[in-house]
Amino acid sequence: MAQKKQVSFPHSENYTFKFIDLFAGIGGFRIALQNLGGKCVFTSEWDLNAQKTYKNNFGEQPFGDITLPETKKEIPENFDVLCAGFPCQAFSKGGHRKGFEDTRGTLFFDLCEIIEKHKPNYLFLENVANLTSHDSGNTYKTILKNLDELGYYFPSNPLIISPDKFGIPILRPRVYIPCVRKEFAKDNASKIKNIETELEKQYAEGIDSIDSVLENTSKNKISPYELKVLKMWDEFYRGIDLKVIGFPIWMEFFKFDGSLDNFPLWKAKFIQKNIDLYTRNKKHIDKWLKKHDNLDWCVKTHRKMEWQAGKDYESIFDCIIQFRPSGVRVKRPNKFSTLVAMNHQQIIGKYKRRLTINESKHLQSFPKNYKLPTSNTIAMKQLGNSVNVTVLEKIFGVVLRDFA
Ligand SMILES: C[S@@+](CC[C@H](N)C(=O)[O-])C[C@H]1O[C@@H](n2cnc3c(N)ncnc32)[C@H](O)[C@@H]1O
795 MAQKKQVSFP HSENYTFKFI DLFAGIGGFR IALQNLGGKC VFTSEWDLNA QKTYKNNFGE
855 QPFGDITLPE TKKEIPENFD VLCAGFPCQA FSKGGHRKGF EDTRGTLFFD LCEIIEKHKP
915 NYLFLENVAN LTSHDSGNTY KTILKNLDEL GYYFPSNPLI ISPDKFGIPI LRPRVYIPCV
975 RKEFAKDNAS KIKNIETELE KQYAEGIDSI DSVLENTSKN KISPYELKVL KMWDEFYRGI
1035 DLKVIGFPIW MEFFKFDGSL DNFPLWKAKF IQKNIDLYTR NKKHIDKWLK KHDNLDWCVK
1095 THRKMEWQAG KDYESIFDCI IQFRPSGVRV KRPNKFSTLV AMNHQQIIGK YKRRLTINES
1155 KHLQSFPKNY KLPTSNTIAM KQLGNSVNVT VLEKIFGVVL RDFA
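All residue numbers for the sequence shown refer to the working numbering, where the first residue is 795 and numbers rise by one.
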């Protein structure tokens, strides 16, 4: 007898619905929907690294490019849910007026084709939150118009949710579009239209402390150079007369005495604020500049600092920090912001280290035993592209409860 293949994340033997996982990435939707009793019957993802990770965890090789007819024809005739965290693309000029025609040549058009052919009872789409404002709102309107014409109900207002609503200490707003087929929903349209009211009842009262995510590790320590930069800005912050700063600190403009007329107004305002700050705190800043060799050793972008941590923290080392192209950004230590590529990853001030892969997995609500590539860079990219499993489970849990 052939031996049954062991996989880390099997679906339930008593599954209650079938779904397909498009633009699957590393399977965030799959974990969530399997947890809700679903069985995945088709997957498409063209990125080779993501395919490997997917196979490693679910034991199946995803099909590739979903725009190809030979991929589409592998989709089984019947399934209940179509899941897709599809990439956002602009539609043709003319906005939402022409509907289906506008989407031609985009991945959303491929989704529409699949939906029209298979007519699943549910769709579960996800995208970046600013899909709703993309092209002055026309992209989102076109999407909804198409979903309506294809025969689906969806939330009346954009359902933008971040995991911190469920207590997970990360800010990562995404727009979710759960849809139910009109014929199937019958008189229950209002339930999906007003799903946010139901979800709000499940929102957590507070946000878990970031310590609930942090592991005890000596991995991912920041470099001596980075430590030097942070110590330098820490000394700066402790000595100035502002606690809430409210504008970016640009060291190169402290002593600026040229004309501000050559700058855009917003920039001129910030420069003036830097000049004023310097003038008021001249003694402290001159001493600080001298001690730190005028910051000559510092990468240019690190000569800028953005304090976004309010007034309650004495030191940079109490906060969450990110080295960004716009400067060294300091934020409150209550939640992380969206996961990014490894070298921009957030630094936990008190531990002087970056987030680890396990911690990032936790922030995306992926199971502890989920296997990621050994390359931290690839693993972080895959997690960063993915969806928060808990948020998906909460949303689709309500849909199934109300419509199954
Ligand atoms: C935003 S990510 C979705 C991630 C996924 N929800 C997860 O949990 O990891 C979009 C994915 O679509 C994939 N993709 C883009 N175009 C594709 C295509 N034509 N065929 C198949 N996959 C595609 C990308 O490689 C990427 O992994």
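Ideal Cβ positions, reconstructed from N, Cα and C, are used throughout, including at glycine.
Item to complete: Give a single yes or no on whether Asp841 has its beta carbon closer than 6 Å to a heavy atom of ligand 1.
Response: yes
Item to complete: Look at the alpha carbon of Ile989 and the alpha carbon of Ile971, and state the distance between them as a whole number of angstroms.
Response: 10 Å
Discussion item. According to DSSP, simplified to helix, strand and coil, what is Tyr1072?
Written reply: helix
Worksheet item: For Cys752, which of helix, strand or coil comes out of DSSP?
Response: Within the shown structure, residues of the chain are numbered from 795 to 1198, placing residue 752 beyond reach of any answer.
Fill in: Leu901 versus Thr936 - alpha carbon distance
13 Å
Practice prompt. Can you check DSSP and say which residues form a bridge with Gln996?
Written response: Paired residue(s): none; Gln996 is not in a bridge.
Item to complete: Rounded to whole angstroms, what's the CA-CA distance from Asp1199 to Gln1176? Just pull it up for me.
Response: For the chain, the structure presents residues 795 to 1198; residue 1199 sits outside this window and is missing.
Worksheet item: Is the number of C-beta pairs between the stretch 995 to 1012 and the stretch 1025 to 1041 that are closer than 8 Å three or more?
Response: no
Discussion item. If I measure Cβ to Cβ from Ser1053 and keep anything under 7 Å in the same chain, skipping five residues before and after, which residues do I get?
Written reply: none
Discussion item. Closest to His1138 by C-alpha separation, out of Ser1159, Ser1109, Gly1104 and Thr1095, would be which residue?
Written reply: Thr1095
Worksheet item: Helix, strand or coil for Pro870 per DSSP?
Response: coil
Worksheet item: Apart from the five residues on each side of it in sequence, which residues of its chain come closer than 6 Å, Cβ to Cβ, to Pro967?
Response: Ala923, Ile954 and Ser956
Item to complete: Would you grab the beta carbon distance between Asp1005 and Ile1110 for me? Rounded to a whole angstrom, and I think it's under 8 Å.
Response: That pair is no contact at about 18 Å.
Worksheet item: Can you give, in chain order, each stretch of the beta strand (DSSP E) that sits fully within the stretch 1093 to 1118 and has at least 3 residues?
Response: 1098 to 1102 and 1114 to 1118
Practice prompt. Quick one: give me the first and last residue of the beta strand (DSSP E) that Val969 is part of.
Written response: Arg968 to Arg975
Practice prompt. Return the first residue and the last residue of the beta strand (DSSP E) that Ile1004 is part of.
Written response: It is not in any beta strand (DSSP E) - Ile1004 carries neither H nor E in the DSSP assignment.
Item to complete: Flag Asn1232 as yes when its Cβ comes closer than 6 Å to any non-hydrogen atom of ligand 1, and as no otherwise.
Response: Here the chain comprises residues numbered 795 to 1198, so residue 1232 is not present and cannot be evaluated.
Worksheet item: Beta carbon of Phe1030: closer than 6 Å to some heavy atom of ligand 1?
Response: no
Worksheet entry | Any 3 or more C-beta pairs closer than 8 Å across the stretch 932 to 948 and the stretch 1162 to 1172 | no
Worksheet item: Would you call Ser1169 buried or exposed, if buried means 16 or more other Cβ atoms sit within 10 Å of its Cβ?
Response: exposed
Worksheet entry | Beta-carbon proximity check, Ile964 vs Lys1155, cutoff 7 Å | no
Worksheet item: Taking the alpha carbon of Val1204 as the point to measure from, which residue in Thr1150, Phe823 and Ile860 has its own alpha carbon closest?
Response: Not covered by the structure: residue 1204. The range shown for the chain is 795 to 1198.
Worksheet item: How about Asn1179: is its Cβ closer than 6 Å to a heavy atom in ligand 1?
Response: yes
Discussion item. Helix, strand or coil for Trp1027? Go by DSSP, reduced to three states.
Written reply: helix
Discussion item. Using the three-state DSSP reduction, which class does Tyr1019 fall into: helix, strand or coil?
Written reply: helix
Worksheet item: Going by C-alpha distance, which of Ser930, Leu925, Lys939 and Gly931 is nearest Cys906?
Response: Lys939
Practice prompt. Drop a sphere of 10 angstroms on the beta-carbon of Ser1003, count the other beta-carbons inside from all chains shown, and report buried for 16 or more, exposed for fewer.
Written response: exposed
Discussion item. Please classify Tyr947 as buried or exposed, where buried requires at least 16 neighbouring CB atoms within 10 angstroms.
Written reply: buried
Discussion item. Considering only heavy atoms of ligand 1, does any lie closer than 6 Å to the CB of Gly822?
Written reply: yes
Worksheet item: Across which residues does DSSP place Asp815 in a beta bridge pair?
Response: Thr837 and Cys877
Worksheet item: Taking the C-alpha atoms as reference points, what is the distance between Tyr1145 and Trp1101?
Response: 19 Å
Discussion item. For the stretch 839 to 855 against the stretch 815 to 830, do three or more pairs of beta-carbon atoms, one drawn from each stretch, fall closer than 8 Å, so that the two count as touching?
Written reply: yes
Discussion item. In the DSSP assignment, the beta strand (DSSP E) including Lys1125 goes from what residue to what residue?
Written reply: Gly1121 to Lys1125
Worksheet item: Which residues in the same chain as Met1026 place their Cβ atom closer than 6 Å to its Cβ, once the five residues preceding and following it in sequence are excluded?
Response: His1086
Discussion item. For ligand 1, I want to know if Phe817 counts as a neighbour, meaning its beta carbon is within less than 6 Å of at least one of the ligand's heavy atoms.
Written reply: yes
Discussion item. What does the alpha-carbon distance come out to for the pair Leu1157 and Ala1173?
Written reply: 14 Å
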